[in-house]
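Colleague:
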Amino acid sequence: MIQSYKKNFKIEEQYDTIIIGSGIGGLTTAAFLSKEGQKVLILERHYTAGGFTHVFKRNGYEWDVGIHYIGEVQRPNSAIRRIFDYITDCNLKWADMGRVYDRIIIGDKEYEFVKGVENFKQQLIEYFPKDKDAINQYVDLVFSVVKSMGSYFSAKALPPFLSRLLAGRMRRKYLEYANKTTYEVLKSITQNEDLIKVLTGQYGDYGLPPKQSSFAMHASVARHYFNGGSFPIGGSSQIIETIDPVIEKCGGTILINAEVNQILIEKNKAMGVLMNDGKKFFANNVVSSTGIFNTYEKLIPPSVSQKYQLNQQLEKVSPSVAHACLYIGLKGSPEKLKLPKNNLWVYPEKGDHDTIVENYLSDSKAPFPVVYISFPAAKDPSWSERYPDRSTIDIITLLPFDLVKEWQGTKWMKRGKEYEELKEKMSQRLLETLYHQLPHLNGKIDHYELSTPLTTQNFVNYKEGEIYGIDHTPQRFRQKFLQPRTPIKNFYLTGQDIISAGVGGALFSGVVTASAMQGKNLVKMVYKAKT
Ligand SMILES: Cc1cc2nc3c(=O)[nH]c(=O)nc-3n(C[C@H](O)[C@H](O)[C@H](O)COP(=O)(O)OP(=O)(O)OC[C@H]3O[C@@H](n4cnc5c(N)ncnc54)[C@H](O)[C@@H]3O)c2cc1C
């Protein structure tokens, strides 16, 4: 059972590991350690658990914050599905989104991303018949990258001695691709800029346009969805609902409203944590799942940070872009409102993604560089039982932190008239895009509210409201410090920043961290385990 932290909260038992942050990275680490016999304590600052997998409810609606679709979970033998089954005792169920998972809309042209790799290829060849060879080559390249990914990420869990011997070789192949930008690789196989624009039509899934993103990140997202997308039945909250009992059964506890102020370190060894109210909790190990910037800038005492030059490490990575999300509620079931299950990615017709993003970042009145429209109510088969005659839509676009920075420090819901006006203008622009795509929804909207980077900062604690932790540039993938082990004894990292953004990336981070802590390959164990 998830408990709320109170000043007089007493730890009844000794915990083996304290995990800071209850996102999917922290929860996965916790579930694995629990099943390995450890007692874990998870401390979450928000009033609800789950990190970006949490949902919020208002005016009779429920919205998922950081999950719109997940790939590979529909294949019972995929690694991601096996891991989810392991950490939830098979209690998390998935609904397939159907034949088309993403619809890329550029001006008035539409391109479907179709489930099944052969179907995907055939569909693209229909759109771009002259580029058949390039499309085949592209898919082969994506598979090559993903093939080399396993050993690159496994190297992060190796003990120092083996790492010195083996890690270089295990990382080499993947880095060949990770060191190049998406655009560099695509340009080497096709000169067709329209095809490049379509192939990178999911760049919003990792936050960086093709000339800045690492091809390895592009490839892992593209591959992740080749077999289609799925949504948790019962909504994203089912993730925490199904992991919590597994942790509790093994003696673990999840505490919400529990903000950690600092990690207690004595003689270069993590001893526990200091809470915001001054209380201290002790354990044999401490794990931070709060993101690398939070961890190194806020949670590690400055003297320790200086000693290990942790701030210098941070100079090698940068926070990802921030976003705004319009959460919409409508009266009427998804069927009645004819809401699709697939996502829409809407782009301006003219220009390449990089130029369009650049123009928007320097002038927010320029066209939105990307508008992502998702229909969660249509994706969840249990929705209408839970919320009869209602539906939801989420619309996401980029919103630079600088545009809302002046209201930093003001209170949520009380940021003042000018902030509300800015949000209203932005909301109307996003609604226009929705009505342009689905005109029949005009006049059907019952509720809308816009989140900004300040909302993300307030609830999930990312310093500039960043959407995906640190940026997925080639430079990021070269950083060896993005791994579970730190220079501080008994102190570990987990979460999206040590692997990559996405629920899949954060899930793997949990396995890699638990493997490093336990000194065994837990992915292998999952494959052997009877769940
Ligand atoms: C709008 C949006 C849409 C997305 N859509 C998808 C999608 O469709 N598919 C997909 O696969 N991925 C998606 N993602 C990405 C995915 O949600 C994230 O990559 C993943 O959930 C990150 O997990 P995490 O465990 O690393 O971190 P988080 O979920 O960010 O968890 C970190 C936790 O640490 C807590 N914390 C921070 N500081 C402290 C402290 N001092 N004390 C205690 N707790 C603290 C935070 O409150 C938070 O709960 C989306 C993300 C966003 C923002």
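All residue numbers in the sequence shown are consecutive under our numbering, ending with 565. Each residue gets a CB set at the ideal place from its N, CA and C atoms; glycine is no exception. These numbers were taken from a predicted model, which means no experiment stands behind them.
Taking DSSP's pairing of strands, which residues face TYR145 in a bridge?
Modeller: DSSP output for TYR145 lists ILE138 as bridge partner(s).
Colleague: Below 7 Å, is the gap between the Cβ of GLU506 and the nearest heavy atom of ligand 1?
Modeller: Note on residue identity: the sequence assigns His, not Glu, to residue 506. Result no, Cβ not under 7 Å from ligand 1.
Colleague: Which two residues bound the contiguous alpha helix (DSSP H) that contains LYS283?
Modeller: LYS283 -> alpha helix (DSSP H) spans 271-283.
Colleague: What distance in whole Å lies between the Cβ atoms of LEU378 and GLN471, which are believed to be in contact at a cut-off of 8 Å?
Modeller: So it is a contact: roughly 6 Å between Cβ atoms.
Colleague: Can you give me the C-alpha to C-alpha distance between PHE154 and LEU432, rounded to a whole angstrom?
Modeller: Roughly 27 Å between the two C-alpha positions.
Colleague: Using CA atoms only, rank isn't needed, just tell me which of PRO266, GLY544, ASN555, LEU527 is closest to GLN108.
Modeller: Checked all of PRO266, GLY544, ASN555, LEU527; the closest Cα to GLN108 is PRO266.
Colleague: According to DSSP, simplified to helix, strand and coil, what is GLU419?
Modeller: Helix.
Colleague: Measure the Cβ-Cβ separation of ALA535 and TYR496 and say whether it is below 8 Å.
Modeller: Cβ distance not < 8 Å, so ALA535 and TYR496 don't count as in contact.
Colleague: Under the three-state reduction of DSSP, which class applies to LYS44: helix, strand or coil?
Modeller: Here LYS44 sits in coil by DSSP.
Colleague: If we count the other Cβ atoms within 10 Å of its Cβ and call it buried at 16 or more, is TRP446 buried or exposed?
Modeller: Exposed is the call here.
Colleague: Would you list, in sequence order, the uninterrupted alpha helix (DSSP H) runs of no fewer than 4 residues that lie entirely inside the region 316-375?
Modeller: Entirely contained in the region 316-375, the alpha helix (DSSP H) runs reaching 4 residues are, in chain order, 336-341, 344-348.
Colleague: Leaving aside the five residues before and after TYR208 along the sequence, list all residues of the same chain whose C-beta is less than 8 Å from its C-beta, in chain order.
Modeller: Taken in chain order, the residues that qualify are VAL179, SER182, MET183, SER185, TYR186, ALA250, PHE511.
Colleague: Taking GLN471 as part of the alpha helix (DSSP H), name the residues at either end of that continuous run.
Modeller: GLN471 -> alpha helix (DSSP H) spans 451-471.
Colleague: Indicate whether the contact test is met: 3 or more Cβ pairs, each with one atom in the region 548-559 and one in the region 48-66, closer than 8 Å.
Modeller: Because the criterion of three Cβ pairs below 8 Å is met, the region 548-559 and the region 48-66 touch.
Colleague: CA-CA distance, HIS102 and GLU419?
Modeller: Between HIS102 and GLU419, the C-alpha separation is close to 20 Å.
Colleague: Less than 8 Å between the beta carbons of CYS359 and SER485, yes or no?
Modeller: Yes, the pair counts as a contact, with Cβ atoms nearer than the cut-off.
Colleague: Look up GLY105 in the DSSP assignment and give the residues it is bridged to.
Modeller: Its beta-bridge partners are GLY263.
Colleague: In or out: ASP136 buried (at least 16 other Cβ within 10 Å) or exposed?
Modeller: The residue is buried, with at least 16 neighbouring Cβ atoms inside 10 Å.
Colleague: If you draw a straight line from the alpha carbon of TRP417 to that of GLY132, how long is it in whole angstroms?
Modeller: Going by the C-alpha atoms only, they are around 17 Å apart.
Colleague: Is any non-hydrogen atom of ligand 1 found closer than 7 Å to the C-beta of GLU78, if you look at the structure I gave you?
Modeller: For ligand 1, at least one heavy atom lies less than 7 Å from the Cβ of GLU78.
Colleague: Considering only residues of the same chain and omitting the five flanking positions on each side of ASN319, which have a CB-CB separation below 8 Å?
Modeller: Counting only Cβ-Cβ distances below 8 Å, and skipping sequence neighbours, we find ASP50, THR51, ILE52, ALA304, ASN524, PHE525, TYR526, MET551.
Colleague: My guess is that TRP97 and THR426 are in contact by the Cβ rule of under 8 Å, so how many angstroms apart are they, rounded?
Modeller: With a Cβ gap of about 6 Å, TRP97 and THR426 count as contacting.
Colleague: Express the C-alpha separation of PHE195 and PRO434 in angstroms, rounding to a whole number.
Modeller: Roughly 43 Å between the two C-alpha positions.
Colleague: Thinking just about the alpha-carbon of each residue, which of LYS214, ASP165, TYR211 is nearest to the one in ILE223?
Modeller: Residue ASP165 is the option with its Cα nearest to ILE223.
Colleague: Does at least one heavy atom of ligand 1 sit under 7 Å from the Cβ of ILE530?
Modeller: Before going on, a small fix: residue 530 reads as Gln here, not Ile. Because some heavy atom of ligand 1 lies under 7 Å away, the Cβ of GLN530 counts as near it: yes.
Colleague: Whole angstroms are fine: how far does the CA of VAL255 sit from the CA of VAL338?
Modeller: VAL338 and VAL255: Cα-Cα distance of roughly 36 Å.
Colleague: Are the Cβ atoms of GLU78 and GLY55 separated by less than 8 Å?
Modeller: Yes, the pair counts as a contact, with Cβ atoms nearer than the cut-off.
Colleague: Under the rule that 16 or more other beta-carbon atoms within 10 Å means buried, what is GLY235, buried or exposed?
Modeller: Looking at its Cβ environment, which holds 16 or more other Cβ atoms inside 10 Å, GLY235 is buried.
Colleague: Cβ-heavy atom distance between TYR259 and ligand 1 below 7 Å?
Modeller: No, since every heavy atom of ligand 1 falls outside the 7 Å radius drawn around the Cβ of TYR259.
Colleague: What distance in whole Å lies between the Cβ atoms of LEU516 and GLY499, which are believed to be in contact at a cut-off of 8 Å?
Modeller: At roughly 21 Å, the Cβ-Cβ gap does not stay under 8 Å, so GLY499 and LEU516 are not in contact.
Colleague: Note down, one range per segment and in chain order, each alpha helix (DSSP H) of at least 4 residues found wholly within the region 175-249.
Modeller: Whole alpha helix (DSSP H) segments, 4+ residues: 202-212, 216-223, 227-233.
Colleague: Drop a sphere of 10 angstroms on the beta-carbon of TYR561, count the other beta-carbons inside from all chains shown, and report buried for 16 or more, exposed for fewer.
Modeller: TYR561 should be labelled exposed.
Colleague: Just checking my contact of ILE121 with ILE277 at CB under 8 Å: how many whole Å lie between their CB atoms?
Modeller: Between ILE277 and ILE121 the Cβ distance is about 6 Å, and since that is below 8 Å, they are a contact.
Colleague: Among residues of its own chain, excluding the 5 on either side of GLU483, which ones have a beta-carbon nearer than 7 Å to its beta-carbon?
Modeller: Here the set comprises TYR361.
Colleague: Would you say the beta carbon of ILE522 is closer than 7 Å to some non-hydrogen atom of ligand 1?
Modeller: Not under cutoff, so the answer is no.
Colleague: Thinking just about the alpha-carbon of each residue, which of THR444, PHE177, VAL89 is nearest to the one in GLY100?
Modeller: Residue VAL89 is the option with its Cα nearest to GLY100.
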